[in-house]
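As structure tokens, the structure follows; a few thoughts come after it.
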Amino acid sequence: MKKNTTPATTDTITKSKKRTRNTCHMKPKPEPEAGFAISDIEDIQFREDSVAEIRASLLKWYDVNKRDLPWRRISEGEASDRKAYAVWVSEIMLQQTRVQTVIDYFNRWMEKWPTVHHLAQASIEEVNEMWAGLGYYRRARFLLEGAKMVVEEGGKFPRSVSDLRRVKGIGEYTAGAIASIAFKEAVPVVDGNVIRVIARLKTISANPKDKTTIKNIWRLAGQLVDSHRPGDFNQAVMELGATLCTPLSPDCSSCPVSSQCSALLKTKHDPSALVTDYPTKVAKVKQRHDYSAVTVVEILESEKGTVDTSDSGSKFLIVKRPEEGLLAGLWEFPSVSLNEKDDLVTRRRTVDDFLKNSFGLNVNRSSNIVSRDEVGEYVHIFTHIRLKMYIELLVLRSQDLHRKKDKGSMLFKYVDTKTLATMGLSTGVRKAYNMVLKFRQSRSSPISR
DNA sequence: AAATCGGGGCC
DNA sequence: GGCCCAGATTT
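Residue numbering for the first sequence follows the UniProt record's numbering, starting at 1 and increasing by one per position.
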């Protein structure tokens, strides 16, 4: 048998006809050596018997091993729209986010807004409060927009992939998930788990971020999906990827489809091969380094003007971020971006200009200043940014302070600690605030430490 | 096709 | 410190 030197690709079919597309973009490929062919991803497919085996084994495994997750508890019994809403909320929360992280957020969300009609009545401030800490806040905004859209169009939930795709924030994956899980449409889904599982099943070495690769993974997932139980099958593949076929340490000995896995087979012929070689690694883009001065401005409202260490009588200045870009529309403490080498004097001068120009706070007159202290530094890591924050607490007396009413381009307000405790702050801002609270605490009662 | 958009848990 | 997670949108 000629192909026995390429066990990893025994399922692939060497295509004889030329492809009509892409050919002109490709460098002429040398004719493969006899007995060894790197298969083109377009040529990869599952055999019929393999499809049947994978469906049966995976569904059987899933029925026994599926995790008890809150969004799986809502049956489509009386109202399939309620099921669809639950799936929708869960799928949006699950984008780029682990199941364990989502569970509590999901339960709180469903308690506050049990149906799409409840959600449609919510404000963006409430939504941000419920979402705070989950990240990718655009998802929450789209969810609210989508709920309003659904209700305005009669409250009937979109049922097909094509209808679902028109809702803001619902892409190919989420449309497929809702349609298959809530409405039994026989469509596949492709997320990070599915890419990993299929890349291993078929030893796909193409760049998993490449559009052509993704397109072909969709094609292969479409071959696999079980038309009788599409929702369960899709969840089964993802469950497998999340629990057994994991990125770094797959548990192949427990895998229900190990007999169908080319990557595992390859390791038995090639001692240097690993299942974790698939999908292939992709170089990451480098992080940007940002620097900012975060100033927590506390206004003492008490008549005495003394350093009041209790919370009563204090207001804190918060500012609304622009509606586009990073952390869009979220509230934060006044912040200015810095250059890497800016020293304390420069930082404070920049802050003072900002406070004066944007909020009418003149902090140059020392008569207004009760205290001004460096609280500390904190490095907050985003996926693409490393943000170093210089945090300070600036306490000002209320008298003689001509504060602006917010009328300019910058939206701002003064709130108390009680409001700050519950409102939707991003994690980095929340961290800075907690540092300030701790600093105030230690200053007011040094003995208690 | 590449960049943007959060945060956290695990190694 | 790196990895990557039940991705979508914009440019």
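From the three backbone atoms N, C-alpha and C, an ideal C-beta is built for every residue, glycine too.
Remember, predicted model here, so these are calculated numbers, not experimental data.
Excluding the 5 residues flanking it on each side, residue 223 has same chain C-beta neighbours closer than 8 angstroms at 45, 46 and 51, in chain order. In the structure shown, residue 40 adopts coil according to DSSP, grouped into three states. In the structure shown, residue 228 falls within a coil segment according to DSSP collapsed to helix, strand and coil. Given a length threshold of 3 residues, each whole run of the beta strand (DSSP E) inside the region 353 to 437 is given here in chain order: 369 to 381, 385 to 397 and 412 to 415.
Less than 7 angstroms divides the Cβ of residue 351 from the Cβ of residue 295. DSSP, read as helix, strand or coil, puts residue 293 in strand.
If you keep only unbroken beta strand (DSSP E) runs of at least 3 residues inside the UniProt domain "HhH-GPD" (93 to 243), you get nothing at all.
For residue 281, the secondary structure class from DSSP, reduced to helix, strand or coil, is coil.
Between the region 136 to 154 and the region 104 to 118 there are three or more C-beta pairs closer than 8 angstroms, enough to call the two in contact. Beta-bridge pairing by DSSP links residue 318 to 413. The beta-bridge partner set that DSSP reports for residue 300 consists of 314 and 397. The continuous alpha helix (DSSP H) containing residue 50 extends over residues 48 to 65. Only exposed fits residue 68, as fewer than 16 other CB atoms lie within 10 angstroms of its CB.
Residue 128 counts as buried, since no fewer than 16 other beta carbons sit within 10 angstroms of its beta carbon. In this structure, the straight-line span from the alpha carbon of residue 108 to that of residue 142 is close to 18 angstroms.
For the options 124, 327, 101 and 201, the alpha carbon positioned closest to that of residue 237 is the one of 201. In the three-state reduction of the DSSP assignment, residue 73 falls in the coil class, being assigned neither a helical nor a strand state. Around the beta-carbon of residue 83, 16 or more other beta-carbon atoms lie within 10 Å, marking it buried. When the five nearest sequence neighbours on each side are left out, the beta carbons in the same chain lying within less than 8 angstroms of the beta carbon of residue 118 are those of 112, in order along the chain.
For residue 226, same chain residues with a beta-carbon under 7 angstroms away, outside a window of 5 residues either side, are 55, 59 and 233 in chain order. For residue 259, the secondary structure class from DSSP, reduced to helix, strand or coil, is helix. Contact annotation: residue 177 and residue 91 have beta-carbon atoms nearer than 7 angstroms.
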